[in-house]
Structure formats: C-alpha cells, structure tokens
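Written out below as structure tokens is the structure these notes cover.
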Amino acid sequence: MTGSKVSDKPRRVHWPTRFTELAASASTPWIQRFYEAGTVAADTALADVPMVALDLETTGLEPQHNAIVSIGLVPFSLDRIRVSGARYWVVRPRRELDLKSILIHRITHEELESAPRFSAVLPELLEALSGRVVVVHYRHIERPFLDQVCRRWTGAGLEFPLIDTMLLEGWAVRRNRSLAQRLGDRLGVRRRPSLRLAACRQRYHLPTYTAHHAMTDALATAELFQAQVAHYFRPDLRVDRMWM
Amino acid sequence: MEVEQLEIREHLRRHPPFSFLAEEDLNRVSGAVEIAYFRADSDILSLDQEITDLHYVRQGSVEVFRSNGEFYNRLGEGEIFGQISLITGRSVRYPVRAHEDTLIYFIPDSVFLDLCRRNEAFADFVEVEDRTRMRHASSQSRAGQEMMTTRVERLVHREAVMLPGSATVTEAARRMTEAGVPSILVCADDQPSELPQLLGIVTDGDLRRRVLAENLPGSTPLAEVMSESLVSVESDDFLFTALLAMLKHNIHHLPVMRRMKPTGLIDLADLVGHETRNSLFVVRNIHEQDDLDGLVRLLPDVRGSFVRMVNEGANAHMVGSAVATIGRALKQRLLELAEARLGPPPVPYCFVAHGSMARDEQSLVTDQDNALILDDAFDRAEHDDYFRALAESVCDGLAELRYPYCKGKIMATNPDLRQPLSAWKQRFSDWIGKPDRPNLLNSSIYFDLDGVHGQTHYADILKQWIAEQASRSPAFLGCLAHNAQTRTPPLGFFRDFVLEKSGRHQDSLDLKRRGTAPMVDVIRVHALASASLAQNSFRRLDDIQAAGFLTASMTADLRDALEFITGTQYRHQAENLEQGLEPDNRINPVTLNTFDRRNLKDAFRVLANAQRFLRLRYRVVKV
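As structure tokens, this is what we get:
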C-alpha cells in the first residue's frame, strides 16, 4: 500500500438519502435488503454509531485485475469491539492465485480448494455489514473491490458509507507536526511518518499483531479507530463529518 | 469464526489464570472477548458501577484505587481486575483508571463464572486472596531436604544421663560407661529432679583433656571440668537448627530439651551420619584454618554451600542464619588469629556484629558492620593500641573475605565504636531518651546487635538495656516509626516497577533497599515497642505477636512477605554465582516469571500496608 493521494478529495454523500435511492433500484433481493436496512442518520453522534471493521486480502491493488482471497470483519462501537460477532471467510477466486500472495496471506492451496466462491458468501457478508458504518484502513481497497465483484455477479455495483482510519491518521499526524516539520514536509526534506496500519497502531501504544490476515487486520483497524477517537475526536462528533 | 487465528487467544494463553485452561475453554473465552481502548488517565471503572465483565489488561497499565481515592495497586499486561465484584455480585469498590494508553479485553461474566465453576485451578487463582496466594508460594519453595524437615527427636536414641555438679568425675565416668554414652549432662545441685537447671556438659574428651591430662584426682567435682553449656535444642526443632547451633557455638554435643527438661543428647556425629554432604560443614573448616590465606581459600566452598542450600529449597530463614553463621565463624577465627598474634587482650572485650549478621539474616552481599564493647576497666590511653590493632586485623581480614568495609564507618576500627560497656549504655540511653530523627536514621542499625566473640554476655546486657528503655519511650518509637516509612516499596510492576533511576543499574530493582531493609525497619519498631530481646526478624515477629502489638494475621503476612522477598534475593544471588558473576541485590523484573512477579508484588503490598499501619500506631511525639 502507498500513502493516501492528497489530491483525492473525499466525496461527500448524504448516505441515508442515497440508500433510499439504491434500495429502489436494487437488482437482487439481498442487495435490496442491504439498502433497505439503511444507515444511521447523518447527525448521529459517533458514540451511537454501529460500525464494522472490514479487511480484504487481495492478490493485488487493482479491482479489475486482482481477486479477493479472504475477508475479515468485526462489528464494534466506540465502547466495545465484539469479537463474538467477528466473521472470516476464505474465498476461491476465478483466476489462479500467484504463489507469492498465497504466502503473504498464509492461506494454503488446500484451504483454497475447499473455499466457497465469493458469490456464496456475499449474502452473508452484506448481512453482517447492513445497518453499520464500515471502517477500513485505506479506502481504496475494500469498497472498490466489493463494488467490482458485485458488479460482476449482479450487474450492479455496491455503495456504502465508509470511514478511513488512514485518512484520519494522516490528518492527526499533520496536526501534530510542528511548523518546522510541516515546512520540511513541503520541501520534501523530511520523511513523512508511515501511515501503515502497524505504524499507526504503534503511535497509540496498541499491541503488535501479525499483519496480512484479514481477521486480525479488521480487529486491528477497529482498535485503531477507537484509539484515534479517544485521542483526537469527541464521541459526540457527527458521523457525517467522518464518513464518505 | 476461526479463533485459533486470533492474537487474542495466544495472549490469554500466556497469562494465568487463562494459562490453566484447556484448548476448548481457551477458544470459548477468546471468542467471547470484547475489546476497548482507553486513553491514559481516562476512567475504566468508577466507584459503585455495576459490571458484567472480567477485565484483562492486554496492553498498557492501569491504576487501582481505594474507595477513598488512595492509590492501591498498579496492574500491567496480562493482569486481571473486576473479579471480586463478579464473584461477590457487588458493585465496584476499587475504581480503576488507565495509567497509560491501555487496551482492555472484557470477558463476559457468564463465561467467567462458568470457568470458575468448572476449572479448579482457574477458580483458585481468581478467588484466593492475594496474601493466601503468597503463603502458598513460599511454602511450596520450602519443599525437600531432610535436614530441614526431620525433627531432632528422631535422632535422639540415647537417654539423657545427668549428675549434679558436685558429683565426682569418677562417678561420671562410671555412669557414662554403664549407659554407653559419650557425654553426661551436669545440673545444679539443689534442683528438683522434674525441672533440673542445666549447667553444662562433660564429654569423653573433657575427661581426657581436663582430668587425666591435667592429672586431676577422681574426686574432682564435675562442675570444675564441665563445659558450660547454656545452648540446647528443643526436641521438636529441625535437625537443621541443631546443626546450626553446633556450628555457631563450635560445639559437638547438644542437650535436647522437651518442656524445659533434658530428654537426651544429640552429637555432631549423629548429624554427620544423617547427612554427610551437608553444605554447612564448611563452617568446621573455618575453625581449622591457621591464617587468612587459608580462610580466603575457603571462599569458593562458602559460596558453593550457599548456592547448594538455595537450590535445595531451604527457606530464607534457614539460608539467612546459615550465611550469618558462616560469617560469624569467619569473624571468630580472625579474632582468634589476631589474639594469637597480639597476645591476650589487656581487658575483656566483646566483638559485636550489627545489622544483618546480628539478625541472623545475612546474604552474600553485605558490608561489615561491627563494634567493640570493652570492659569498664578500659583505659583508652593505655589499652586502645591493642584494640585498634585487633580491629584493624579483623576488618582488613573481612575485607579480604569479600565483606566490604562499611561506608558509614560502622566498624570496630572507628575509635568511636570502641567503647566500654557503660559508655555504650549511655549512648543508647541518649538515642532513646533524646530521639533525633536524622540522627536515628543512621543509627537504627546499632539496634540490631549480637555478641560474636569474647564476653558475648556484654551484648546481652546491652540488648536488655535497650529493650527496657525503648519500649517505654513513645517519642523514640515515634521517630523510629517515622524513619521506617522513608523507603517505600516499588508497588508498580514489570515495566511499571519503579526502577532505580540512577547509575548504571537503570532497569533494575534493588530488593534490599526497596524490600528487605524497609521490612526489617518496620519489624524492628514493633519489636522494640514490645521489649523483645530477639534480633532475628522472624523471631521478633513471634514476640510482637505474643505481646499483642500486631495480630496473628498481620504477622503472618509480614512473615510471608519477608520470606518471599528474601528468598527471591537469595535465588538471584545464587544465579549470579552460577553464572560466574559477583552476586548483587539487583533484579531486572523482566527476568521474573509471572508467578514470581505477582508474588513479589503481593509482598510489596504487605510492606506498604505495614508502613501505613506504623503511621497510625506510633505517633510522632514532639519532645
């Protein structure tokens, strides 16, 4: 992963309205149910928002050319991460996996052989996400990949509100840097602090986890978000200030 | 969800009580965990809050407070809290706050209570109170070693043969031959036979050396040739105690008493037969050396015997008195050698040990603390040259034997510490009668004293003198109590340990300075208040309890805490030696296992409580 693109201004969507529109035009019953479940009102305080941390492990960064290998998610709120609701799937991609990414994700060929196709887990996945705001670390993977794969299976893409902990971290890091450091950043003199998940977690004294496992990374992302809010945001902040 | 892939389970698995769980239960717990992040200084549990989860510190540390807001404890990674509320069903009595940024795992009460019901080890761990946990720990380490578990009565095969002091040596020899015993006890003449007062002992050797070789008639009264022996053991003492007593007084026979009445004799040969390779026989070799070099050559044996005792699981009390006995023997031998060189002393003297040797709780890391009590006929101008030379000879010898010179100059080489008995009495009277806190801070060590050589009863006279006066001076006790609170125990733990900040030992904890020394200070105050003559901290606790100054449970806690901290200190020194390092008192908490860390912390908490109690019990009196 690379750092977030500075030029890429997040688009502001009024999600409750958007969900109503999407529910009306949904092509399959479970996608319709997902949109009908709706999302929290835009002025809901962060403390009252049901969330779900999501992580996909993929064979690459391009939704058009790469495939999803595994999915991990854990439902949470600001006060509790609920491990009992965590879900994890290995899915069998249509294309052959290259060996390198198998090793990174610690998934064996046997596991893949017996794994379901993505289409088989999609309804369950949507159910786990429904009514919740999705939290990811680096927004250019999970939503584009899910959008692409839904498009392939159902003909229509998938949209949902998203909070990106990497984006929040970039903001927090910038806010915390001195004028001289920021000047150095602009002149390209100083290295920017890393925004990788593990590096972010370190700044909040969160434990070191084994990276590149969808379940662990989802958990790690949920913890990171709790920590970021504890340090930089008020729990009564409106969720629409953060989602995109 | 596949729990085995989660970090949660692997973390729980490494920490008790979860380490006691079977795989299946561990999976269930990990799957039920809920997690929350708490920024440093934010509240985790507030007073009277209802809780429904066991709390587990996954990362960071938390501080626990009493309901009055006073700091109680600090918990770190892998430790739990909230269990008491869950078990008793009551609301939170001890509020908890994040000390650092902290990640907490919550384990739902249903899962927790179910585990308590089904898994005994788990339940024991969470339910058993801290101090009981520690008691369990120190009694476990006491296992093994026959010398330490066999009672003297098991080896007393021979009946005690006894004659009054006025009986003749011929009569004694006849009775000994009839009974087939190598020695005979001598009692006072006009004592009722049920409760004879023991005066001394006459052995085969005494008959040879003191009667035959001296060409004394068979009509010589026993009282004239006996070895005065006021040392005895109780029949229910352990063999180890008997051995120590023999080595300490360099004698080979000991009367065995039961309820004040001699029931038999035990001699060194019995003990040797019982335990031939006992490490403590190094003490006998000390008495056989003819010069300092010989003593220095024994050092590896001395240290080896220490390591062996620690590894054999001797408790701290035993190791402490063994090390003190060895140290005492070295001093005695050095004094004997000095006397042989300088000639007999111009006036009688008593060489005194202060500090840990006097308390019979010495470790290998100790400097020399000693003094001389001289006969009141002492005339400085006339006699001091002799005693200065004697003191220098002993102190220099001790330095060679790895007892470093005392930085505070508490050594007999200091002319101020070579005083006649009357001057010592006056000095203690001044300390007690006109207590001065800073002054007392440096002199508390004088209040632990024991005669090592010469007129050891001078030391006993002083002990008596101190005990009588100290117990009657609230102002003195108040000062001493105040001073005993100056060194606080490190209550945090692991990296939350308050570590030594200065010098080259940055990541270490000084177990003596922060643990045993303040503990001994606390016990000394109560001991002096209860007019105890004991010097050893464990014996002092007996007296304190008997005098009603502390409850049985308080003394039991202190005993366990002292045993555990001292034991840890000894084990550390034994490890140092085994690794070829010079032993010290500094441990790095990271090297301790969870079990020891927890126990050590419990022990420190007992100490903190004892210091707090001292504040309530002895008020500082303005003089």
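First to last, the protein sequences are chains A and B. Just so you know, the first sequence maps onto residues 1230 to 1473 in the numbering used here. Just so you know, the second sequence maps onto residues 2 to 624 in the numbering used here. Note that beta-carbon positions come from the ideal geometry of N, C-alpha and C, so glycine has one too.
Annotated as distal: residue 222/B and residue 188/B, with beta-carbon spacing of 8 Å or more.
Counting every other CB atom within 10 Å of its CB across the protein chains shown gives residue 1246/A a total below 16, marking it as exposed.
Rounded to whole angstroms, residue 152/B and residue 262/B show a C-alpha spacing of 17 Å. Under the Cβ criterion of 8 Å, residue 32/B is counted among the residues facing chain A. In the DSSP assignment, residue 544/B falls outside any beta strand (DSSP E) and lies within the alpha helix (DSSP H) extending over 538-547.
One thing to note: residue 54/B has its Cβ within 8 Å of the Cβ of residue 109/B. Identification of chain B residues near residue 1308/A by a Cβ-Cβ cut-off of 8 Å yields 37, ordered along the chain. A Cβ-Cβ contact shorter than 8 Å links residue 1435/A with residue 1453/A.
By the neighbour-count definition (other C-beta atoms within 10 Å, threshold 16), residue 427/B is an exposed residue. Here residue 240/B is near residue 156/B, since their CB atoms are less than 8 Å apart. For residue 1320/A, the nearest beta carbon of chain B is not closer than 8 Å to its own beta carbon.
At least one C-beta of chain B is nearer than 8 Å to the C-beta of residue 1311/A.
Scanning its chain for C-beta atoms nearer than 8 Å, with the 5 sequence neighbours on each side dropped, one finds around residue 343/B the residues 387, 390, 391, 394, in chain order. For residue 612/B, no beta strand (DSSP E) segment is defined; the enclosing uninterrupted segment is the alpha helix (DSSP H) at 595-618. Per the Cβ contact rule, the region 1290-1303 of chain A is not in contact with the region 19-28 of chain B (fewer than 3 Cβ pairs under 8 Å). Contiguous beta strand (DSSP E) elements confined to the region 377-423 of chain B occur at 419-421, taking only those with 3 or more residues. Residues of chain B with a Cβ closer than 9 Å to the Cβ of residue 1431/A do not exist, since the nearest Cβ in that chain sits about 11 Å away. Cβ neighbours of residue 1383/A within its own chain (closer than 7 Å, five residues either side excluded): 1256, 1257, 1260.
In this structure residue 1274/A is in contact with residue 1466/A, their Cβ atoms being roughly 7 Å apart against a cut-off of 8 Å. The Cβ atoms of residue 1391/A and residue 1472/A lie closer than 8 Å to each other. For the pair residue 61/B and residue 103/B, the CB atoms are nearer than the 8 Å cut-off. Between the alpha carbons of residue 1253/A and residue 105/B lies a gap of roughly 43 Å. Contact annotation: residue 576/B and residue 317/B have beta-carbon atoms that are not nearer than 8 Å. Under DSSP, residue 355/B takes part in a beta bridge, and its partners are 450/B. Distance from the CA atom of residue 1356/A to the CA atom of residue 602/B, rounded to whole angstroms, is 49 Å. Rounded to whole angstroms, the gap between the alpha carbons of residue 1316/A and residue 1305/A is 12 Å. Cβ contact annotation for residue 484/B (same chain, cutoff 8 Å, sequence separation greater than five): 438, 441, 442, 445, 522, in chain order.
Listed by position along chain B, the residues whose Cβ is nearer than 7 Å to that of residue 1452/A are 36, 38, 104. A buried status is given to residue 546/B, since no fewer than 16 other beta-carbon atoms sit within 10 Å of its beta-carbon. Excluding five sequence positions before and after residue 197/B, the CB atoms of its chain that fall closer than 6 Å to its own CB belong to 188, given in chain order. Under the three-state reduction of DSSP output, residue 320/B falls in the helix class. DSSP, reduced to helix, strand and coil, places residue 464/B within a helical segment of the structure shown. Residue 1338/A and residue 1296/A have their C-alpha atoms roughly 15 Å apart. DSSP places residue 554/B inside the alpha helix (DSSP H), whose first and last residues are 553-579. Following the DSSP letters along the chain, one finds residue 250/B inside the alpha helix (DSSP H) bounded by residues 240-250. Between the alpha carbons of residue 341/B and residue 595/B lies a gap of roughly 54 Å.
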